[in-house]
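Below you'll find the structure, written out as structure tokens, and then a few comments.
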Amino acid sequence: MDLYCVMGNPVEHSRSPRIHARFAELCGQQMDYGRRLIPLGAFAEGIAAFRREAAERGDSARGCNITVPFKFEAAALAQHTSARATLAQAVNTLRFEADGSIHADNTDGIGLVNDIVRNAGVPLAGKALLLIGAGGAAAGVLGPLLDAGASRIVVANRTVDKAVAVVRRHAALALGHGATLEAWALDEVPGSFDVVVNATASSLAGDAVPVSAKVLRPGALAVDMMYGPAAAAFMAWAQAHGAVPRDGLGMLVEQAAESFEIWRGVRPPSAQVLAELRASLAAGH
């Protein structure tokens with residue numbers, strides 16, 4: 606049996622096993638996907654144990670998804686890294702090759718883009734976009750947002766130096782696309798935007814949204830990269846100020862679809878699985 610898993614700490618909340626099981630069922634793929642809680646400071650050992658234990662059972666460890674707090678450590682283990690993961694300096698997908706080497710990728714950004722463009726029906730070409738936050742979540746999506754054709758992206762963060770660092774790393778990509786890329790402090794963001802993406806944990810912490818509602822153009826799309834209760838405060842703020850709120854559940858499913866295709870070479874029906882997952886969660890399952 607081909608084995609996959611999601612690794613993190615914590616990891617018990619992850620819906621990835623459910624999503625990938627449905628992908629496999631719909632695509633006729635024989636595989637098993639589980640969760641593995643990895644002790645802090647023991648990520649490399651966790652990868653080795655997953656591969657070793659699979660081999661001892663006569664199975665084959667083929668890959669894994671990586672969640673917090675190991676996305677940066679995962680990049681260091683790989684022998685081959687995709688361009689988008691290199692730019693993000695973070696990894697959420699590992700594929701174990703037949704020769705024993707590890708290929709690393711980051712599907713978070715393309716997952717976000719696909720959810721916005723395909724599922725929400727909002728094209729990003731020529732749009733002005735505000736990205737709130739400059740940590741690993743923001744860095745993981747900035748490159749694909751530029752690739753999608755946004756004409757102006759502002760990265761805003763409490764610590765502006767972090768925003769500057771992320772912007773500098775993506776400056777050449779922005780130039781190649783003819784896009785304007787700026788770094789600002791949260792309380793100094795100039796102008797208004799067609800799309801606002803929250804890449805911070807402000808809702809989870811119960812904090813107020815850290816930017817003025819003036820950043821929202823009428824009917825703007827406001828996306829929180831989290832979902833469920835963790836996205837509630839940001840989505841309520843967006844709706845109260847005339848924006849269209851969207852949580853990160855679609856991004857979760859779409860990044861999983863990208864990982865699935867990297868592993869299996871088959872594109873799963875992500876829109877169908879997203880609709881099923883939303884209905885299930887709404888019913889309390």
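The sequence shown begins at 606 in the numbering used here and counts up by one.
All C-beta atoms, glycine included, are put in the ideal place defined by N, C-alpha and C.
Other residues of its chain near residue i: CB distance less than 6 Å, five sequence neighbours each side excluded
i      : result
Pro753 : A quick correction: the sequence has Ala, not Pro, at residue 753. If we look at Ala753 and ignore the five residues flanking it on each side, its Cβ neighbours are Val718 and Leu729.
Val746 : Asp713, Gly714 and Leu717
Leu879 : Gly855 and Val858
Ala761 : Ile737, Trp789, Leu791 and Val794
Val616 : Arg640 and Leu642
Residues that residue i bridges to, as DSSP identifies them
i      : result
Glu787 : Val759
Tyr638 : Tyr609
Cys669 : Cys610 and Leu699
Ala592 : With the chain covering 606 to 890 only, the question about residue 592 has no answer from this structure.
Between the CA atoms of residue j and residue i - distance to the nearest angstrom
i      : j      : result
Asp664 : Phe701 : 13 Å
Ala837 : Glu661 : 44 Å
Leu631 : Arg883 : 17 Å
Ile643 : Ser706 : 21 Å
Val771 : Pro874 : 33 Å
Val611 : Phe628 : 15 Å
Lys767 : Leu780 : 20 Å
Arg869 : Cys669 : 12 Å
His685 : Ala733 : 33 Å
Tyr832 : Gly853 : 5 Å
Ala862 : Arg872 : 7 Å
Phe648 : His708 : 16 Å
Gly731 : Asn803 : 20 Å
Ala876 : Gln860 : 12 Å
Thr764 : Arg657 : 42 Å
Close Cβ partners of residue i (< 7 Å) along its chain, the five nearest in sequence each way excluded
i      : result
Ile867 : Thr698, Arg700 and Asp710
Ala659 : Leu608, Ser665 and Ala666
Lys676 : Ala695, Val696, Asn697 and Gly741
Val769 : Ala788
First and last residue of the uninterrupted beta strand (DSSP E) at residue i
i      : result
Thr698 : Thr698 to Phe701
Asp792 : Neither: Asp792 is in no beta strand (DSSP E) and is coded neither H nor E.
Gly824 : Leu821 to Asp829
Ile737 : Ala733 to Ile737
Helix, strand or coil at residue i according to DSSP, with G and I counted as helix
i      : result
Ser807 : coil
Val746 : helix
Pro834 : helix
Val871 : coil
Phe798 : strand
Pro850 : strand
Glu617 : coil
Gly889 : coil
Ile643 : coil
Beta-carbon proximity list for residue i, same chain, < 8 Å, skipping 5 on both sides
i      : result
Ala776 : Leu786
Met606 : Gln635, Met636, Asp637, Asp664 and Ser665
Leu751 : Ile758, His775, Leu778, Ala779, His782, Ala784 and Leu786
Unbroken alpha helix (DSSP H) run spanning residue i, endpoints
i      : result
Ile652 : Phe648 to Glu661
Ala753 : It is not in any alpha helix (DSSP H) - Ala753 carries neither H nor E in the DSSP assignment.
Arg773 : Val765 to Arg774
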